[in-house]
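2 protein chains.
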Amino acid sequence: MNDRHMAVRRIDRSQESCVTVHETLERIGDKWTVLVVGVLEHAPLRYNEIRRAVVGISQRMLTLTLKALERDGIVERTVYPTIPPRVDYELTELGRSLMVPLRALSDWAIKYRPAMLAARQRYADKQRLAAEQPRFTSPK
Amino acid sequence: MNDRHMAVRRIDRSQESCVTVHETLERIGDKWTVLVVGVLEHAPLRYNEIRRAVVGISQRMLTLTLKALERDGIVERTVYPTIPPRVDYELTELGRSLMVPLRALSDWAIKYRPAMLAARQRYADKQRLAAEQPRFTSPK
DNA sequence: CTGAATCCACCAAGATACTG
DNA sequence: CAGTATCTTGGTGGATTCAG
Chain A
1 MNDRHMAVRR IDRSQESCVT VHETLERIGD KWTVLVVGVL EHAPLRYNEI RRAVVGISQR
61 MLTLTLKALE RDGIVERTVY PTIPPRVDYE LTELGRSLMV PLRALSDWAI KYRPAMLAAR
121 QRYADKQRLA AEQPRFTSPK
Chain B
141 MNDRHMAVRR IDRSQESCVT VHETLERIGD KWTVLVVGVL EHAPLRYNEI RRAVVGISQR
201 MLTLTLKALE RDGIVERTVY PTIPPRVDYE LTELGRSLMV PLRALSDWAI KYRPAMLAAR
261 QRYADKQRLA AEQPRFTSPK
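First to last, the sequence lines map onto chains A and B.
Numbered according to the working numbering, the first sequence spans residues 1 to 140.
Numbered according to the working numbering, the second sequence spans residues 141 to 280.
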């Protein structure tokens, strides 16, 4: 049994954790979640404060995102029954713990984004060349 | 100027890194990327080996995912011009560096998933109670 | 075996208007 | 101020077929 077979085997064992990451990413990998969590990192904010901080988010999406975050215990919702009503959102302990891997991802993104963009550029150039000079590679 | 104003101010400064995480998550937060990267962690694999390892992925999605990963320099594609053709995919150095924050996220997911599920359960119970016994909270 | 191409269903998400 | 409700749409992803 060669390396390849060993590797394919090993997939089964690591599949579990892969799926777990996948599920987590499906949860927080949507369009707005990390942005909302991000603005809540340093202090609790009110509904409209979040709305202003997360540029471009619609009311609907903010409400849905916050509700999902509340449901999963990432943020806590506090209602002050005043007039006008006031609702604060703040990260829970669980939410703050999420900031750790998020920061790791942030560090990676900041460090390697240039490399990614460079790779993308190289790929684009390669594609462009292949399209412009097909006679060199596929002399039909 | 109180804490809240300070916090709102600080958002501007941290906005940049938040957006960076957000962009990265939009890139790898899709349905299949992490799963594909996951199975490639330990060894290069051929197209159909990946297909079998990532249960449920369609040909189309695998091709699209691999192409995007190749474009961004996460995986490298090697063609062996044999008959039948053989194509190996393996993580690049950049791809392997991505495994680090991914593992951090994995650790978080494994550690706190129970807490998340528990929170979700509590939320569901709370909703159910509010729906079943509206007379206690909103005596219409 | 490794794709590319086409068609189609579904859903996330935006816009808008309304409410307590 | 803090949401809900409804409508609409662009894009993601699945199924299927064709090709080198």
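Each residue gets a CB set at the ideal place from its N, CA and C atoms; glycine is no exception.
None of these values were measured; they are calculated from a predicted model.
Cβ neighbours of residue i in the same chain (closer than 8 Å, five flanking residues each side left out)
{"i": "residue 138 (chain A)", "result": "Bear in mind that the predicted position of residue 138 (chain A) carries a pLDDT of just 41, short of 50, making it unreliable; the figure below should be weighed with that in mind. Once the five neighbours on either side are set aside, residue 138 (chain A) has no close Cβ partner at all."}
{"i": "residue 205 (chain B)", "result": "170, 172, 173, 176 and 197"}
{"i": "residue 227 (chain B)", "result": "186, 187, 217, 218, 219 and 220"}
{"i": "residue 136 (chain A)", "result": "Residue confidence for residue 136 (chain A) is low, a pLDDT of 47 falling below 50, so the modelled location carries little weight; the figure read from the coordinates is stated next. Same-chain partners within the cutoff: there are none."}
Reduced DSSP secondary structure (H/G/I, E/B, other) of residue i
{"i": "residue 92 (chain A)", "result": "coil"}
{"i": "residue 76 (chain A)", "result": "strand"}
{"i": "residue 87 (chain A)", "result": "strand"}
{"i": "residue 209 (chain B)", "result": "helix"}
{"i": "residue 180 (chain B)", "result": "coil"}
Cβ pair residue i, residue j closer than 8 Å
{"i": "residue 105 (chain A)", "j": "residue 232 (chain B)", "result": "no"}
{"i": "residue 175 (chain B)", "j": "residue 214 (chain B)", "result": "no"}
{"i": "residue 112 (chain A)", "j": "residue 44 (chain A)", "result": "no"}
{"i": "residue 172 (chain B)", "j": "residue 195 (chain B)", "result": "no"}
{"i": "residue 108 (chain A)", "j": "residue 240 (chain B)", "result": "yes"}
Closest by C-alpha distance to residue i, when choosing among the options
{"i": "residue 40 (chain A)", "options": "A:124, A:96, A:107 and A:115", "result": "A:96"}
{"i": "residue 84 (chain A)", "options": "A:46, A:42, A:124 and A:128", "result": "A:46"}
{"i": "residue 120 (chain A)", "options": "B:167, B:249 and B:255", "result": "B:167"}
{"i": "residue 114 (chain A)", "options": "B:212, B:206 and B:199", "result": "B:212"}
{"i": "residue 156 (chain B)", "options": "A:110, A:59 and A:82", "result": "A:110"}
{"i": "residue 68 (chain A)", "options": "B:207, B:182, B:263 and B:222", "result": "B:263"}
Proximity test, Cβ basis, 8 Å: residue i and chain A
{"i": "residue 271 (chain B)", "result": "no"}
{"i": "residue 201 (chain B)", "result": "no"}
{"i": "residue 241 (chain B)", "result": "yes"}
{"i": "residue 229 (chain B)", "result": "no"}
{"i": "residue 268 (chain B)", "result": "no"}
{"i": "residue 161 (chain B)", "result": "yes"}
{"i": "residue 209 (chain B)", "result": "no"}
{"i": "residue 226 (chain B)", "result": "no"}
{"i": "residue 236 (chain B)", "result": "no"}
Contacting residues, own chain, Cβ-Cβ under 6 Å from residue i (five flanking each side not counted)
{"i": "residue 265 (chain B)", "result": "none"}
{"i": "residue 202 (chain B)", "result": "191"}
{"i": "residue 161 (chain B)", "result": "none"}
{"i": "residue 210 (chain B)", "result": "217"}
{"i": "residue 103 (chain A)", "result": "none"}
Beta carbon proximity, residue i to chain B, threshold 8 Å
{"i": "residue 28 (chain A)", "result": "yes"}
{"i": "residue 110 (chain A)", "result": "yes"}
{"i": "residue 79 (chain A)", "result": "no"}
{"i": "residue 65 (chain A)", "result": "no"}
{"i": "residue 34 (chain A)", "result": "yes"}
{"i": "residue 72 (chain A)", "result": "yes"}
{"i": "residue 24 (chain A)", "result": "yes"}
{"i": "residue 38 (chain A)", "result": "yes"}
{"i": "residue 58 (chain A)", "result": "no"}
{"i": "residue 47 (chain A)", "result": "no"}
Own chain residues within Cβ distance below 7 Å of residue i, not counting five before or after
{"i": "residue 94 (chain A)", "result": "73 and 74"}
{"i": "residue 116 (chain A)", "result": "none"}
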